[in-house]
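There are 2 protein chains.
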Amino acid sequence: MPRSLVRDSIESDPLSSLPGYALRRAANAMMGDLAARLVVTDLRVSDATVLLLIADREDMTSSEIGKVLDIQRANMVPLLNRLETSGLIRRRPIDRKSQAILLTDTGSARLADVRRIIAAFENDLMARIPAPHRPHFVPALQALTD
Amino acid sequence: MPRSLVRDSIESDPLSSLPGYALRRAANAMMGDLAARLVVTDLRVSDATVLLLIADREDMTSSEIGKVLDIQRANMVPLLNRLETSGLIRRRPIDRKSQAILLTDTGSARLADVRRIIAAFENDLMARIPAPHRPHFVPALQALTD
DNA sequence: TATTGTTATACTCTATAACTATA
DNA sequence: TATAGTTATAGAGTATAACAATA
Numbered sequence: 000m001p002r003s004l005v006r007d008s009i010e011s012d013p014l015s016s017l018p019g020y021a022l023r024r025a026a027n028a029m030m031g032d033l034a035a036r037l038v039v040t041d042l043r044v045s046d047a048t049v050l051l052l053i054a055d056r057e058d059m060t061s062s063e064i065g066k067v068l069d070i071q072r073a074n075m076v077p078l079l080n081r082l083e084t085s086g087l088i089r090r091r092p093i094d095r096k097s098q099a100i101l102l103t104d105t106g107s108a109r110l111a112d113v114r115r116i117i118a119a120f121e122n123d124l125m126a127r128i129p130a131p132h133r134p135h136f137v138p139a140l141q142a143l144t145d
Numbered sequence: 000m001p002r003s004l005v006r007d008s009i010e011s012d013p014l015s016s017l018p019g020y021a022l023r024r025a026a027n028a029m030m031g032d033l034a035a036r037l038v039v040t041d042l043r044v045s046d047a048t049v050l051l052l053i054a055d056r057e058d059m060t061s062s063e064i065g066k067v068l069d070i071q072r073a074n075m076v077p078l079l080n081r082l083e084t085s086g087l088i089r090r091r092p093i094d095r096k097s098q099a100i101l102l103t104d105t106g107s108a109r110l111a112d113v114r115r116i117i118a119a120f121e122n123d124l125m126a127r128i129p130a131p132h133r134p135h136f137v138p139a140l141q142a143l144t145d
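Those protein sequences? They're chains A and B, same order as listed.
If you read the first sequence in numbering that gives the first Met the number 0, its first letter stands for residue 0, the second for the next number, and so on.
If you read the second sequence in numbering that gives the first Met the number 0, its first letter stands for residue 0, the second for the next number, and so on.
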């Protein structure tokens, strides 16, 4: 790499070599991309994530979904209400306190679209990473999340 | 890796092997960590980033800072007002339209604290990544940001 | 004409505290 | 006592449109 290119990249963004900063920038860029791709499904990234999580399950409560996805109980309420209003999920009582969150048929159909979009997104994402770095990417990220 | 561990990790978070999801989770966790470390400086992550960027420069305008950091012009206004009110930056007219954003002495002193905290943060972050993955981390992220 | 700085506004995401009802 | 679901609310971050003044 020519010295001038190093200088240019340093001058255009002197923080880009900081791991935390690079991580934030990459995540923002990729989530912006994903959100744009999901517009056609009328779903937000968190919505799509919930649908993916409850697929093929009939036993997850709102609290459990929140624990897995790092979304607080209180913030699950508007999210699930939105999905229920859209007819994508329904609630089935487990006891008089808890409810299972289930996909409706409409939800399953929408999930099929989501799966296609996510697959293309994940594929494009990995394709942007130079091959030698690729196998290290997800393991490194997982190590940061615990 | 024993099959039971694979099953456990899949059951506890079946999405963790998706690169985009892993990226989002890692970035959220790390930025939460950094924000907590910066509490003692009374700065937000974006505030600290701006201070780092304008250090040793006397020529950056609000618009230019925003372009580098991916913060829109309109959103720079409250950010810089906050830093100015705290006495960390000041504005020097370049012409009758543009102003350079400069660190004050107070800002330089605060930046020294920020640098120490960021250095420890970046160090701890990289330390959490297993050594074989470590050199691939920042290059992979940079490839995603363009 | 394009750009700088700004105002106003709205939406999303996230965080906390508190309440009710039930396990 | 602890947990599930909820309400209300506030703080951040982000996005758009529009405006005046100046390059």
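For every residue, glycine included, the Cβ atom is placed at its ideal position computed from N, Cα and C.
Segment limits, beta strand (DSSP E) that includes Pro-18 (chain A): Not the beta strand (DSSP E): Pro-18 (chain A) falls in the alpha helix (DSSP H), residues 18–37.
Contact set between the segment 120–137 of chain A and chain B, restricted to residues whose Cβ is under 8 Å from the partner: Listed by position along the chain: Phe-120, Glu-121, Leu-124, Met-125, Arg-127, Ile-128, Pro-129, Pro-131, His-132, Arg-133, His-135, Phe-136 and Val-137.
Contiguous alpha helix (DSSP H) assignments of at least 4 residues, all confined to the segment 46–82 of chain B: Runs of the alpha helix (DSSP H) spanning 4 or more residues and lying entirely within the segment 46–82 of chain B occur at 61–68, in chain order.
Beta-carbon spacing of Leu-33 (chain A), Ile-128 (chain B) below 8 Å: Cβ atoms of Leu-33 (chain A) and Ile-128 (chain B): not closer than 8 Å.
Given Thr-84 (chain A) as reference, the closest of A:Ala-73, A:Lys-96, A:Thr-103 and A:Ala-111 once Cα atoms are compared: With distances taken between Cα atoms, Thr-84 (chain A) lies closest to A:Thr-103.
Pair within 8 Å by beta-carbon distance, Leu-37 (chain A) and Ala-28 (chain A): Not a contact, by the Cβ cut-off of 8 Å.
Neighbour flag for Ala-148 (chain A) against chain B, beta carbons, 8 Å: Since the first residue of chain A shown is 0 and the last is 145, residue 148 (chain A) is not available in this structure.
Beta-carbon proximity check, Leu-101 (chain B) vs Arg-91 (chain B), cutoff 8 Å: Contact flag set, yes.
Cβ-heavy atom distance, Leu-78 (chain B) to the ligand GTP, below 7 Å: Absent from the structure shown: the ligand GTP. Ligands present: none.
For Val-88 (chain A): DSSP bridge partner residues: Reading off the sequence shown, one finds Ile at residue 88 (chain A), where the question assumed Val. Paired residues: A:Leu-102.
Where the alpha helix (DSSP H) containing Leu-140 (chain A) begins and where it ends: Per DSSP, Leu-140 (chain A) belongs to the alpha helix (DSSP H) from 133–144.
Listed by chain order, chain A residues near Val-49 (chain B) by CB distance under 7 Å: Listed along the chain, the chain A residues whose CB falls inside 7 Å of the CB of Val-49 (chain B) amount to none; the nearest CB is some 10 Å away.
Interface residues of chain B facing Arg-23 (chain A) [CB-CB closer than 8 Å]: Under the 8 Å cutoff, chain B gives Ala-26, Met-29, Met-30 and Val-44.
Option nearest Asp-12 (chain B) by Cα separation, candidates A:Ala-54, A:Arg-43 and A:Leu-22: Out of A:Ala-54, A:Arg-43 and A:Leu-22, the CA that lies nearest to the CA of Asp-12 (chain B) is found in A:Ala-54.
Under 8 Å from the C-beta of Asp-58 (chain A): neighbouring residues of chain B: Neighbours of Asp-58 (chain A) on chain B: none; closest Cβ ~12 Å, over 8 Å.
Coil, strand or helix - Arg-43 (chain B) by DSSP: Residue state, collapsed to three classes: coil.
Spatial neighbours of Arg-89 (chain A) in its chain, beta-carbon cut-off 6 Å, leaving aside the 5 residues before and after: These residues qualify, in order along the chain: Leu-101 and Thr-103.
Under 8 Å between C-beta atoms of Val-49 (chain B) and Leu-68 (chain B): Taking a C-beta distance under 8 Å as the contact criterion, Val-49 (chain B) and Leu-68 (chain B) qualify as a contact pair.
Leu-14 (chain B), DSSP secondary structure in three states: Leu-14 (chain B) falls in the coil class under three-state DSSP.
Gly-19 (chain A): contacting residues in chain B (beta-carbon distance under 7 Å): Chain B residues near Gly-19 (chain A): Met-29, Leu-33, Phe-120, Glu-121 and Leu-124.
For Ile-116 (chain B), three-class secondary structure by DSSP: Ile-116 (chain B): helix per DSSP, three-state reduction.
Outcome for Ser-147 (chain B) when other beta-carbon atoms lying within 10 angstroms are tallied against a minimum of 16: Outside the shown range of chain B, which is 0 to 145, sits residue 147 (chain B), and nothing can be said about it.
Straight-line Cα distance separating Gly-86 (chain A) from Ala-25 (chain B): Rounded to whole angstroms, Ala-25 (chain B) to Gly-86 (chain A) spans 31 Å at the Cα level.
Which listed residue (A:Met-125, A:Thr-60, A:Ala-111 and A:Asp-41) has its alpha carbon closest to that of Arg-95 (chain A): With respect to the C-alpha of Arg-95 (chain A), the residue from A:Met-125, A:Thr-60, A:Ala-111 and A:Asp-41 having the closest C-alpha is A:Thr-60.
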